[in-house]
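Undergrad:
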Amino acid sequence: MRGDVFFDVGANIGFFSLIAARCVGNDGQVYAFEPVPTNAAALVRSARLNGFDTIRVFPEAVAATSGRAELLLARHIGGAALASAATPPDVSGHLEVNVTSLDDALVQRRLRPPNLVKVDVEGAEIDVFRGMKETLRVHRPKIVYEVDDATRDGLDRKAGQIAGLLTSAGYVLTPLPPSYATQDWHVHHVFGEAH
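Residue numbering for the sequence shown follows my numbering, starting at 75 and increasing by one per position.
(1) Three or more C-beta pairs closer than 8 angstroms, one from the stretch 211-221 and one from the stretch 179-194: is that the case here?
(2) By how many angstroms is the C-alpha of D127 removed from the C-alpha of H262?
(3) Do the stretch 155-167 and the stretch 193-208 touch if we need at least three Cβ pairs shorter than 8 angstroms?
(4) Going by other Cβ atoms of all chains shown within 10 Å of its Cβ, with 16 needed for buried, is S104 buried or exposed?
(5) What ranges does the alpha helix (DSSP H) occupy inside the stretch 160-235, keeping only unbroken runs of at least 4 residues that lie completely in it?
(6) Taking the Cβ atom as the reference point for each residue, do V136 and F107 lie within a distance shorter than 8 angstroms?
(7) Verify whether the separation of the beta carbon atoms of L147 and V110 is less than 8 angstroms.
(8) Distance check for E134 and G88, CA to CA, integer angstroms please.
(9) Roughly how many angstroms separate the alpha carbons of D230 and P251, rounded to a whole number?
(10) According to DSSP, simplified to helix, strand and coil, what is R76?
(11) Can you tell which of I93, N124, P163 and I200 has the C-alpha that lies nearest to the C-alpha of R149?
Following this line, the structure appears as structure tokens:
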């Protein structure tokens, strides 16, 4: 909505950031977190070319705590993952990146609190939510997140951990319709709202 604040965690090249910038308008704000340098640079260029001054890009990963971490790069543009969370099936290299928790980013950078947070971070979702417990408690943003895994058991384990954390924070979770027709990789999208 106009004037809202959107956090795009795992922004990739900015597809959702650009849509959000149009939705929130000039009075809103988009904060995009993307640790892969080429993806972050593409998002900065896209924001500039589209005249979206409301998009602010942070070229770093989001996790439970702030610091530095190893990022495993992948051939697939959106497949990079923190080494502590997952190993992409198509690893193509690695690099050390800055990492922040959303609670730290909000306070240290004096960011506007989020109305909506999108999380798609290739296996590190539980750590993102662990690092935003205060944000969930105080600001109660709506959340949309993706969980995926090569196996159904792996997906269920990850989804269960996240659901436990979020429901204990007072969130009601609603599964979203499947986005992918393939059965080769298990993907689950969820909307969460505080009650």
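We put the beta carbon where it would ideally sit given N, CA and C, even for glycine.
TA: Checking against the coordinates, here is how it stands:
(1) yes
(2) 32 angstroms
(3) yes
(4) Before going on, a small fix: residue 104 reads as Val here, not Ser. Buried, by the Cβ-count rule.
(5) 176-182, 199-204 and 207-213
(6) yes
(7) yes
(8) 14 angstroms
(9) 16 angstroms
(10) coil
(11) P163
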